[in-house]
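Working notes for the structure below.
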Amino acid sequence: MTDSASLPSQRSIRSAKRNVLILVFAQAILGSQMPMIFVVGGLAGQTLASNACFATLPISLIVLGSMVAANPLSLFMQRFGRSAGFFLGALAGALGGIIGAYGLYVASFPVYLAGSFVTGFYFSSQGFYRFAAADTASDSFRPKAISYVMAGGLASAIIGPQLVKVSADAMITPFLGTYFGVVLLNLLGSMLFFLLDIPKPAASNPDSPKGRTRWELIRTPRIAVSVICAAISYALMNLVMTSTPLAVVGCGFTQNNAADIVSAHVLAMFAPSFFTGHLIARFGVERIMGTGMAILACAGIVALGGVDLTNFFIALILLGLGWNFGFIGATAMLAESHEPHERGRMQGFNDLIIFGSVTIASLASGGLMNCSGSTPLEGWAAVNYAMIPFLVFAGASILWLSHRPRDA
Numbered sequence: 493m494t495d496s497a498s499l500p501s502q503r504s505i506r507s508a509k510r511n512v513l514i515l516v517f518a519q520a521i522l523g524s525q526m527p528m529i530f531v532v533g534g535l536a537g538q539t540l541a542s543n544a545c546f547a548t549l550p551i552s553l554i555v556l557g558s559m560v561a562a563n564p565l566s567l568f569m570q571r572f573g574r575s576a577g578f579f580l581g582a583l584a585g586a587l588g589g590i591i592g593a594y595g596l597y598v599a600s601f602p603v604y605l606a607g608s609f610v611t612g613f614y615f616s617s618q619g620f621y622r623f624a625a626a627d628t629a630s631d632s633f634r635p636k637a638i639s640y641v642m643a644g645g646l647a648s649a650i651i652g653p654q655l656v657k658v659s660a661d662a663m664i665t666p667f668l669g670t671y672f673g674v675v676l677l678n679l680l681g682s683m684l685f686f687l688l689d690i691p692k693p694a695a696s697n698p699d700s701p702k703g704r705t706r707w708e709l710i711r712t713p714r715i716a717v718s719v720i721c722a723a724i725s726y727a728l729m730n731l732v733m734t735s736t737p738l739a740v741v742g743c744g745f746t747q748n749n750a751a752d753i754v755s756a757h758v759l760a761m762f763a764p765s766f767f768t769g770h771l772i773a774r775f776g777v778e779r780i781m782g783t784g785m786a787i788l789a790c791a792g793i794v795a796l797g798g799v800d801l802t803n804f805f806i807a808l809i810l811l812g813l814g815w816n817f818g819f820i821g822a823t824a825m826l827a828e829s830h831e832p833h834e835r836g837r838m839q840g841f842n843d844l845i846i847f848g849s850v851t852i853a854s855l856a857s858g859g860l861m862n863c864s865g866s867t868p869l870e871g872w873a874a875v876n877y878a879m880i881p882f883l884v885f886a887g888a889s890i891l892w893l894s895h896r897p898r899d900a
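Residue numbers (our numbering): 493 to 900.
In structure tokens, the structure reads:
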């Protein structure tokens, strides 16, 4: 007979697993728009912009929108709950798709950019799926919960690029059908958030612990290193992936080739998530993060080795794998380094820094790719050489942390 004292714990475990399953589906359905937009965003920008150097500006505006939304959205969730925040994010994704579609229809680059900025509010909310998975998970289940939710992107890696193939030329205006698909994905996926069972944080009162300030939090060694590695992993992944469709098409391959390469990249981003949490539990988060940085370096080496389709595929697969280890490791480290009442403050601040870094990388991507050389080959090389100093900094920060006492 089951001990009645264990029933709440069993219910808590079931609830945590159910939440993870719902978030996996959300990642799969709503997350499909990420590869869709990354495939067409730069190509659409290239057709609308008066200067090729601004081709990747639509991607940059998405990331800028994510950066602007990160902190307010985190505080909104702290007050009203995860479900409300995620539903709001999905509606923003649908609205951004509508504005982007209109911008394509009237051939207006500013309107298209406005749609990209609004879309960024969805991308910001998607970034909190991983933290929501950790909210109701036990200490032992937390890294696995984060990994499983990230693994939901495996389906999005297949769905998104395939939708691009069937929708990009489905209408007279190129890519218009893709944006209608984005709107539909957001509307369908938003329904999932009514099923989440994550309690709203307790309302604060004068006796509640105030927690550390943002400055005190970011000065904590483990938090500082987690933020550094998450920001660098995400920024470098974005830097290279944003330029990839332009490089692939610029080197004489087709738009479908670019979609297939992005699909392989996104698969590599999320497929390892089935075991990343287990690797963190076995080998330690610092080693997994360090491995991620090393794999990102290998991606750059392969990319610089040539511009055959094989080089593009291998480089982008390594890029996705390195991002997975670096970003999930950093997320797991951050989740264990702050208290529940510091969640809204720290998680929003973390994503503000991450998306700020990614915005800079995305802006730099178009300039490096289209304006740093006379050929796509030279631009692609410049993009990959730009990774070096940031990988050195991230690696040094991990080494510094690993040589500190754990309780320091």
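Quick reminder that beta carbons are idealized off the backbone N, C-alpha and C, glycines included.
Being a predicted model, the structure only gives us computed values, none of them experimental.
{"Item": "Runs of alpha helix (DSSP H) lying entirely within the stretch 598-655, each at least 4 residues, in chain order", "Value": "601-619, 621-627, 634-643"}
{"Item": "Alpha helix (DSSP H) segment containing residue 783, residue limits", "Value": "777-796"}
{"Item": "Straight-line gap, residue 494 to residue 505 (C-alpha atoms, nearest Å)", "Value": "Here residue 494 scores only 42 on pLDDT, less than 50, and its place in the model is too uncertain to base an answer on."}
{"Item": "Cutoff 6 Å; reference residue 609; Cβ partners in own chain excluding five residues on either side", "Value": "553, 557"}
{"Item": "Whether residue 588 touches residue 531 by CB criterion (9 Å)", "Value": "no"}
{"Item": "Beta-carbon gap between residue 597 and residue 670 smaller than 9 Å", "Value": "no"}
{"Item": "Residue 831 versus 591, 594, 626, residue with shortest Cα-Cα distance", "Value": "626"}
{"Item": "Check whether residue 838 and residue 706 have beta carbons under 9 Å apart", "Value": "yes"}
{"Item": "Residue 645 beta carbon less than 9 Å from that of residue 758", "Value": "yes"}
{"Item": "Sequence-distant residues of its chain with Cβ nearer than 7 Å to residue 797 (five each side left out)", "Value": "803"}
{"Item": "Given residue 513 as reference, the closest of 774, 622, 788, 870 once Cα atoms are compared", "Value": "622"}
{"Item": "Where residue 660 falls: helix, strand or coil (DSSP)", "Value": "coil"}
{"Item": "Runs of alpha helix (DSSP H) wholly within the stretch 518-574 (minimum 4 residues, chain order)", "Value": "525-540, 549-572"}
{"Item": "Contacts around residue 579, its chain only, beta-carbon distance under 7 Å, and the 5 residues preceding and following it disregarded", "Value": "682, 685"}
{"Item": "Residue interval of the alpha helix (DSSP H) (run including residue 722)", "Value": "713-742"}
{"Item": "Exposure of residue 744, with buried meaning 16 or more beta-carbon neighbours within 10 Å", "Value": "exposed"}
{"Item": "Beta-carbon proximity check, residue 854 vs residue 539, cutoff 9 Å", "Value": "no"}
{"Item": "Whole-angstrom C-beta distance between residue 788 and residue 728, which should lie under 8 Å", "Value": "6 Å"}
{"Item": "Unbroken alpha helix (DSSP H) run spanning residue 752, endpoints", "Value": "747-762"}
{"Item": "Option nearest residue 927 by Cα separation, candidates 851, 583, 799", "Value": "Residue 927 lies beyond the residue range present for the chain, which begins at 493 and ends at 900; the question has no answer from this structure."}
{"Item": "Same chain, Cβ closer than 6 Å to residue 678, five either side skipped, listed in chain order", "Value": "582, 585, 586"}
{"Item": "Segment limits, alpha helix (DSSP H) that includes residue 894", "Value": "880-894"}
{"Item": "Counted within 10 angstroms of its Cβ, other Cβ atoms place residue 529 as buried (16 or more) or exposed", "Value": "buried"}
{"Item": "Straight-line gap, residue 535 to residue 737 (C-alpha atoms, nearest Å)", "Value": "7 Å"}
{"Item": "Of the residues 526, 634, 563, the one placed nearest residue 509, counting alpha carbons only", "Value": "634"}
{"Item": "Rounded straight-line distance, which links the Cα of residue 783 to that of residue 816", "Value": "10 Å"}
{"Item": "Exposure label - residue 892; buried when at least 16 CB within 10 Å", "Value": "exposed"}
{"Item": "Own chain partners of residue 843 with C-beta closer than 6 Å, once the 5 adjacent residues on each side are dropped", "Value": "562, 619"}
{"Item": "DSSP state of residue 690 mapped onto helix, strand, coil", "Value": "coil"}
{"Item": "Coil, strand or helix - residue 588 by DSSP", "Value": "helix"}
{"Item": "DSSP state of residue 705 mapped onto helix, strand, coil", "Value": "coil"}
{"Item": "Among 756, 818, 691, 761, the one whose alpha carbon lies nearest that of residue 890", "Value": "818"}
{"Item": "Reduced DSSP category for residue 834 - H, G, I as helix; E, B as strand; rest coil", "Value": "helix"}
{"Item": "Length of the line joining the Cα atoms of residue 748 and residue 659", "Value": "12 Å"}
{"Item": "Residue 502, DSSP secondary structure in three states", "Value": "helix"}
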